[in-house]
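Some notes on the structure that comes next.
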Amino acid sequence: MKYDFDRLITRTGTHCVKWDHHEMKGEVEGMIPMSIADMDFEAPAFIKEAIIERARHGVFGYTVVPQSYYSAVSGWLGRRFGWTVERERIRFSPGVIPALAFSVQAFTEPGDKVIIQPPVYHPFRAVIANNGRVVLNNPLIRENGDYRMDIEGLKKSIDKKTRMIILSSPHNPVGRVWNRDELKALIDICLENNILIISDEIHADLVMPGFRHTPTASLSDEAASMTITCTSPSKTFNLAELHVANIIIPNQELFSRFDLALTRTGINKPNVLGMVALEAAYSKGEAWLDELIPYLHANYQLMRDFVRERLPRINAAQMEGTYLGWLDFNGLGLSEPKLDELLLAKARVAMTPGSIFGPGGEGFYRMNLACPKSVAAEALKRIELAING
Ligand SMILES: Cc1ncc(COP(=O)(O)O)c(C=O)c1O
Numbered sequence: 001m002k003y004d005f006d007r008l009i010t011r012t013g014t015h016c017v018k019w020d021h022h023e024m025k026g027e028v029e030g031m032i033p034m035s036i037a038d039m040d041f042e043a044p045a046f047i048k049e050a051i052i053e054r055a056r057h058g059v060f061g062y063t064v065v066p067q068s069y070y071s072a073v074s075g076w077l078g079r080r081f082g083w084t085v086e087r088e089r090i091r092f093s094p095g096v097i098p099a100l101a102f103s104v105q106a107f108t109e110p111g112d113k114v115i116i117q118p119p120v121y122h123p124f125r126a127v128i129a130n131n132g133r134v135v136l137n138n139p140l141i142r143e144n145g146d147y148r149m150d151i152e153g154l155k156k157s158i159d160k161k162t163r164m165i166i167l168s169s170p171h172n173p174v175g176r177v178w179n180r181d182e183l184k185a186l187i188d189i190c191l192e193n194n195i196l197i198i199s200d201e202i203h204a205d206l207v208m209p210g211f212r213h214t215p216t217a218s219l220s221d222e223a224a225s226m227t228i229t230c231t232s233p234s235k236t237f238n239l240a241e242l243h244v245a246n247i248i249i250p251n252q253e254l255f256s257r258f259d260l261a262l263t264r265t266g267i268n269k270p271n272v273l274g275m276v277a278l279e280a281a282y283s284k285g286e287a288w289l290d291e292l293i294p295y296l297h298a299n300y301q302l303m304r305d306f307v308r309e310r311l312p313r314i315n316a317a318q319m320e321g322t323y324l325g326w327l328d329f330n331g332l333g334l335s336e337p338k339l340d341e342l343l344l345a346k347a348r349v350a351m352t353p354g355s356i357f358g359p360g361g362e363g364f365y366r367m368n369l370a371c372p373k374s375v376a377a378e379a380l381k382r383i384e385l386a387i388n389g
């Protein structure tokens, strides 16, 4: 191993959400936060060095986005997913959530319905509702602990007011990496009903051994013509607060409408350090990512095996992608306030409660496994002690 993911890095005192602002801050000594989706690892040295090198120059005046930036984005998508994307089809956005909000504004009208598939990343619901559109839930189906999309339910729920679906691919929080057949079934229904697909692929690089991410838009020309793909190096390389995301829109008309929505707000270019970081990540990041994935997978296996052996009333969903474990605590038969008390106050482990992800999330907790193995092991031990006493 060239990179050291075991190293404990103190994040407290950096104003970070996870360690400085978690739910029980100040009330519970020594809490382990495993909540918000960033990593407790350092970004790779080649990204840090690229930022430092640029900062050393000391002048941060107006800058154009160089051709090499776009080549880095399309090069990455080509090498990782075999997806050919032209430079003209890439639009910068300061994040994926902003891109979701701009898409809702650009392509739907107030009162229109937008489909989501809960339990799902909760800002999906917020960007729809906050823009005066209507959330249409098509909950995932869970069978024997495995999740799939409800394709029949999707067909039935679409009506004249339904315009758009926001897809989480891979799916946060249940960890599914949607396969080609599932995506094709979804695309067919969306094509038949003229539903625009916003494919949030922010977790696309974080796919566990044995699985493969398929960009929705890469499946066919028709799929590409009705899909807006959101990508970013932010999850993969832990760069969330540098605010760089790239939105891929092959359809020229949709591209122009999206571009106009951003231009109206004055948002055009990444900040210069974000640009430098993205280029470094996408041109030099492969070897680092190839070490990160097995590390995350080992943390998942640790969690899964621990739960199977020591906590049989808890069920761990298979984490095919993302670094987010999805744990079902319903077998304990406790109400949500009691579960919170058990996990936060007694175990001193702060995970994200499943109910915030919508229907189907009740009694689940999302455990962020992007941390040193020793931290994951300690958290699991604490949970066992709290439950089994
Ligand atoms: C599915 C998904 N989309 C978007 C985001 C956030 O994107 P951004 O920070 O670029 O706005 C996250 C972060 O956890 C996520 O899980």
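Residue numbers (the working numbering): 1 to 389.
All C-beta atoms, glycine included, are put in the ideal place defined by N, C-alpha and C.
Please read all numbers here as calculations on a predicted model, not as lab measurements.
- If you draw a straight line from the Cα of Gly61 to the Cα of Pro94, it comes to about 18 Å.
- Just so you know, the alpha carbons of Asp221 and Asn251 end up roughly 10 Å apart.
- Between the C-alpha atoms of Gly285 and Gly321 there is a straight-line separation of about 18 Å.
- For Arg133, there is no enclosing beta strand (DSSP E), as DSSP gives it neither H nor E.
- Remark: the shortest separation between the CB of Val96 and any heavy atom of ligand 1 falls under 8 Å.
- Distance check between Leu327 and each of Ile197, Val174, Ala350 and Asn194 places Val174 closest, using alpha-carbon atoms only.
- Arg7 sits in coil when the DSSP states are folded into three classes, being neither helix nor strand.
- If you look at Val276, you'll find it in the alpha helix (DSSP H) that goes Val272 to Lys284.
- Ligand 1 approaches His203 closely enough that one of its heavy atoms is under 8 Å from the residue's Cβ.
- When DSSP reads this structure, Pro170 sits in no beta bridge, so it has no partner.
- Taking Ile248 as the centre and dropping the five residues before and after it, the same chain places the C-beta of Val85, Arg89, Ile90, Ala217, Thr229 and Thr231 closer than 7 Å to its C-beta, in chain order.
- Separation of Phe364 and Asp146 (C-alpha to C-alpha, rounded to the nearest whole angstrom) is 14 Å.
- The C-beta separation of Val244 from Gly274 comes to about 4 Å, placing the pair in contact by the 8 Å criterion.
- Going by beta carbons, Asn271 and Leu239 fall outside the 9 Å limit.
- In the structure shown, the three-state DSSP call for Glu362 is coil.
- Taking 8 Å as the cut-off, one finds at least one heavy atom of ligand 1 near enough to the beta carbon of Cys230.
- Taking the Cα of Thr108 as reference, the smallest distance to any Cα among Tyr121, Asn144, Gly132 and Arg54 is reached at Gly132.
- Within the chosen limit of 8 Å, ligand 1 does not reach the beta carbon of Pro110 with any heavy atom.
- Checking the DSSP bridge columns, you'll see Ser93 partnered with Ala245.
- Taking 9 Å as the cut-off, the Cβ atoms of Ile115 and Ile158 count as close.
- For Tyr121, the Cβ falls inside the 8 Å cut-off from some heavy atom of ligand 1.
- Contact between the segment 331-351 and the segment 33-44 is present, with at least three C-beta pairs closer than 8 Å.
- Residue side-chain check: His243 places its Cβ nearer than 8 Å to a non-hydrogen atom of ligand 1.
- Using a 10 angstroms sphere on the CB of Gly13, the tally of other CB atoms stays under 16, which defines it as exposed.
- Annotated as distal: Lys113 and Val127, with beta-carbon spacing of 9 Å or more.
- Residue burial is scored here from C-beta neighbours: Thr214 has at least 16 other C-beta atoms within 10 angstroms and is therefore classed as buried.
- Residue environment analysis places Gly361 among the buried positions, since at least 16 neighbouring C-beta atoms fall within 10 angstroms of its C-beta.
- Across the set Arg125, Asn144, Cys371 and Pro337, the C-alpha of Arg125 shows the shortest separation from the C-alpha of Phe357.
- Counting only runs of 4 or more residues that sit fully inside the segment 160-248, the alpha helix (DSSP H) segments are 180-193, 221-225 and 234-237, in chain order.
- DSSP lists Asp146 as the beta-bridge partner residues of Glu143.
- Remark: fewer than three beta-carbon pairs, one from each stretch, lie closer than 8 Å, so the segment 295-304 and the segment 331-341 are not flagged as touching.
- Rounded to whole angstroms, Ala45 and Leu8 show a C-alpha spacing of 16 Å.
- For Ala50, the enclosing alpha helix (DSSP H) covers residues Ala45 to His57.
- Pairing Val65 with Gly266, the inter-Cα distance amounts to about 16 Å.
- Taking 9 Å as the cut-off, the Cβ atoms of Val17 and Asp38 count as close.
- By the CB criterion at 9 Å, Asn268 and Leu260 fall outside the cutoff.
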